[in-house]
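One structure below.
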Amino acid sequence: MLECLAYPGKGLGGQEIEESSWSGFQWEEKKMVTHYPLLIEASKREEEAQLIEETMVQDSQRLRTLASGLSPAYLRFGGTKTDFMLFDPKKESTFEESSYWESQNNPDSCNLGPIPHEVKQQLQLEWPIQEVRLLKEQHEKKYNICTFTKSTVDMLYSFAQCSGLDLIFGINALLRKRNLQWDSSNAKLFLDYCTSKKYNMSWELGNEPNSFRKKSGIYIEGSQLGKDFIKLHSLLKTYDLNAKLFGPDISQLRKTSGELLRSFLNVGGGVIDAVTWHHYYLNGRNATKEDFLNPNVLDSFIFSAQKVFQVVDETRPGKKVWLGETSSAFGGGAPKLSDTYAAGFMWLDKLGLSAKMGIEVVMRQVFFGAGSYHLVDKNFNPLPDYWLSLVFKQLVGTKVLTASVKSPDNKKLRLYLHCTNNKNPKYKEGDLTLYALNLHEDTKYLQLPPHLNDKRVEKYIFQPSEYQNLLSQSVKLNGHILKMVDDKTLPELIGKPLCLGCTLTLPPLSYGFFVIRNAKVAACI
Numbered sequence: 006m007l008e009c010l011a012y013p014g015k016g017l018g019g020q021e022i023e024e025s026s027w028s029g030f031q032w033e034e035k036k037m038v039t040h041y042p043l044l045i046e047a048s049k050r051e052e053e054a055q056l057i058e059e060t061m062v063q064d065s066q067r068l069r070t071l072a073s074g075l076s077p078a079y080l081r082f083g084g085t086k087t088d089f090m091l092f093d094p095k096k097e098s099t100f101e102e103s104s105y106w107e108s109q110n111n112p113d114s115c116n117l118g119p120i121p122h123e124v125k126q127q128l129q130l131e132w133p134i135q136e137v138r139l140l141k142e143q144h145e146k147k148y149n150i151c152t153f154t155k156s157t158v159d160m161l162y163s164f165a166q167c168s169g170l171d172l173i174f175g176i177n178a179l180l181r182k183r184n185l186q187w188d189s190s191n192a193k194l195f196l197d198y199c200t201s202k203k204y205n206m207s208w209e210l211g212n213e214p215n216s217f218r219k220k221s222g223i224y225i226e227g228s229q230l231g232k233d234f235i236k237l238h239s240l241l242k243t244y245d246l247n248a249k250l251f252g253p254d255i256s257q258l259r260k261t262s263g264e265l266l267r268s269f270l271n272v273g274g275g276v277i278d279a280v281t282w283h284h285y286y287l288n289g290r291n292a293t294k295e296d297f298l299n300p301n302v303l304d305s306f307i308f309s310a311q312k313v314f315q316v317v318d319e320t321r322p323g324k325k326v327w328l329g330e331t332s333s334a335f336g337g338g339a340p341k342l343s344d345t346y347a348a349g350f351m352w353l354d355k356l357g358l359s360a361k362m363g364i365e366v367v368m369r370q371v372f373f374g375a376g377s378y379h380l381v382d383k384n385f386n387p388l389p390d391y392w393l394s395l396v397f398k399q400l401v402g403t404k405v406l407t408a409s410v411k412s413p414d415n416k417k418l419r420l421y422l423h424c425t426n427n428k429n430p431k432y433k434e435g436d437l438t439l440y441a442l443n444l445h446e447d448t449k450y451l452q453l454p455p456h457l458n459d460k461r462v463e464k465y466i467f468q469p470s471e472y473q474n475l476l477s478q479s480v481k482l483n484g485h486i487l488k489m490v491d492d493k494t495l496p497e498l499i500g501k502p503l504c505l506g507c508t509l510t511l512p513p514l515s516y517g518f519f520v521i522r523n524a525k526v527a528a529c530i
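If you want the working numbering, it's the 1-based position in the sequence shown plus 5.
Laid out in structure tokens, this is it:
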């Protein structure tokens with residue numbers, strides 16, 4: 006165990022720094038957990054407007070560039086609406102879909118041409134109306150049945166493949182026979198089509214089954230859901246598909262949902278590749294900026310995750326646990342909060358805590374879609390959490406080390422330590438990536454352990470583009486506003502070198518990364 010004690014010293018400009026501003030940290034090389042990968046961006050909420058969303062997504066080179074930046078990743082087509090969707094292989098493509106595919110010289114190629122102008126214009130006019138309808142369904146918990154076509158599946162799969170994403174598709178679990186057994190007939194039609202196209206994807210069955218009664222008036226016991234998963238698993242085998250199956254996508258554990266998860270795992274836990282659960286800190290309708298900066302709110306994730314791990318350990322010990330859907334606030338997010346710089350504190354802290362606790366995959370709700378918690382806005386402009394995700398993917402490796410802050414109030418100065426991403430050509434094996442959140446309203450300083458004082462360090466500090474405006478929808482990295490170069494090019498993310506032996510500085514209400522070069526940490530080699 007290596008540790009650094011707090012003591013007064015001088016900052017970069019030689020000014021004395023008060024002792025209370027200093028924090029040391031300790032880390033342990035041997036304690037290591039490996040995760041694959043630590044950040045998985047997920048994305049799309051299925052909706053009645055899937056045609057609008059899918060066609061616009063497929064058309065946008067800009068959106069595909071943004072998605073590719075987060076690869077390797079999963080694209081999850083799952084959520085409440087999947088349990089109200091039916092696949093109709095006989096349904097004709099809509100005018101918009103047909104016009105789009107007819108405009109392409111080679112629909113199977115990733116080098117697709119633009120969507121016809123009149124179609125794009127119509128879709129853009131319809132999207133705001135559809136978004137209002139979708140959010141109303143969520144709030145009122147009254148959902149309309151809708152269908153999706155072969156063209157919809159083709160567009161979605163093409164987007165995922167051309168962006169370097171692996172598709173996870175959620176199947177309707179509310180199709181029930183009189184005895185409440187799952188009716189797999191529509192799933193068979195869908196699998197027939199996917200097999201004919203040689204589509205390779207993973208699967209889920211249902212979304213948040215603990216809330217089925219509220220959404221549809223049907224209560225499904227965990228044991229029955231386990232049998233349904235066994236049935237789907239057997240069905241996948243008949244198609245000779247070596248596909249992954251994840252579930253049950255349960256929401257945060259309370260007494261009833263905990264019992265459902267336990268009985269599900271006892272019966273069907275053997276056929277799933279990972280246990281998936283969902284987490285949101287807040288209700289989007291009444292969340293405040295203060296909530297987003299509250300360390301007690303951030304810590305609430307720990308207790309939620311511990312409940313899930315306890316049930317899994319008691320029923321299916323060793324089974325992987327994934328965050329199958331997560332963001333800051335449920336109900337579409339918190340308007341003017343979930344899509345701002347302030348949301349980054351929750352997002353980065355959740356990634357760090359997930360890694361420490363052994364959660365291998367974190368799926369972010371949403372990449373693009375309705376609500377306020379998206380990574381990319383309706384004009385395909387990346388929001389602060391997108392840029393944070395991009396830097397995280399580039400700098401943070403899958404090997405997790407322990408780190409702790411020696412500070413009077415370490416709940417507001419939060420620290421995480423990993424091996425640096427060994428796929429980043431700028432760095433090499435043995436390097437360390439330290440990332441931290443400063444929830445204080447004053448600058449904080451970190452001193453590396455003595456044996457690392459002679460190592461080169463590069464910083465990547467995030468701050469809002471407007472001075473101290475936590476509700477900004479654009480961000481600065483090391484003082485430079487982040488934006489795309491053009492529709493096909495993301496900006497180069499450049500670290501700022503620090504002088505040898507200098508302290509690591511975190512401005513008030515900021516978060517960022519520090520890469521310690523040539524650290525030669527044995528666990529990272």
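Even for Gly, the Cβ is constructed at its ideal location relative to N, Cα and C. From a predicted model like this one, the values you see are computed outputs, not experimental measurements.
The alpha-carbon separation between residue 313 and residue 265 amounts to approximately 12 angstroms. Taking every protein chain shown into account, the CB of residue 244 has fewer than 16 other CB atoms within 10 angstroms, so this residue is exposed. Note on residue 371: 16 or more other CB atoms within 10 angstroms of its CB, so buried under the neighbour-count rule. Contact fails between the stretch 406–423 and the stretch 386–396, because fewer than three Cβ pairs, one in each stretch, are under 8 angstroms apart. The DSSP-derived three-state label of residue 472 is coil. Annotated as distal: residue 368 and residue 303, with beta-carbon spacing of 8 angstroms or more.
Taking residue 429 as the centre and dropping the five residues before and after it, the same chain places the C-beta of 399, 400 closer than 8 angstroms to its C-beta, in chain order. The beta-bridge partner set that DSSP reports for residue 187 consists of 181.
Within the DSSP secondary-structure output, residue 327 pairs in a beta bridge with 281.
Taking a cut-off of 8 angstroms on C-beta distances, the stretch 276–291 touches the stretch 323–339, as three or more cross pairs fall below it. Residue 279 is positioned such that its CB atom lies closer than 8 angstroms to that of residue 326. Around the Cβ of residue 456, a 10 Å sphere holds fewer than 16 other Cβ atoms; the residue is exposed. Residue 239: member of the alpha helix (DSSP H) spanning 227–243, first to last residue. The C-beta of residue 218 has fewer than 16 other C-beta atoms within 10 Å across all chains shown, which makes the residue exposed. A distance below 8 angstroms separates the beta carbons of residue 463 and residue 500. The closest CA to that of residue 233, considering only 448, 330, 270, 488, is found on 270. Taking a 10 Å sphere around the C-beta of residue 423, we find 16 or more other C-beta atoms and assign the residue as buried. One alpha carbon belongs to residue 94, the other to residue 162, and they sit about 16 angstroms apart.
When only Cα atoms are considered, residue 357 and residue 338 end up about 21 angstroms apart.
Counting the other CB atoms within 10 Å of its CB gives residue 295 a total below 16, which places it among the exposed residues.
Under the 8 angstroms Cβ criterion, the stretch 433–440 counts as touching the stretch 503–520, having at least three qualifying pairs. With respect to the C-alpha of residue 92, the residue from 77, 177, 70 having the closest C-alpha is 177. With fewer than 16 other Cβ atoms inside 10 Å of its own Cβ, residue 490 counts as exposed.
In this structure, the alpha-carbon of residue 471 lies about 36 angstroms from that of residue 171. In this structure, the alpha-carbon of residue 246 lies about 26 angstroms from that of residue 96. For residue 310, the enclosing alpha helix (DSSP H) begins and ends at 300–320. Counting along the chain, the unbroken beta strand (DSSP E) around residue 424 starts and ends at 418–425. Look at the beta carbons and you see the stretch 252–262 touching the stretch 207–216: at least three pairs across the two are nearer than 8 angstroms. Per DSSP, residue 261 is one residue of the alpha helix (DSSP H) stretching across 260–273.
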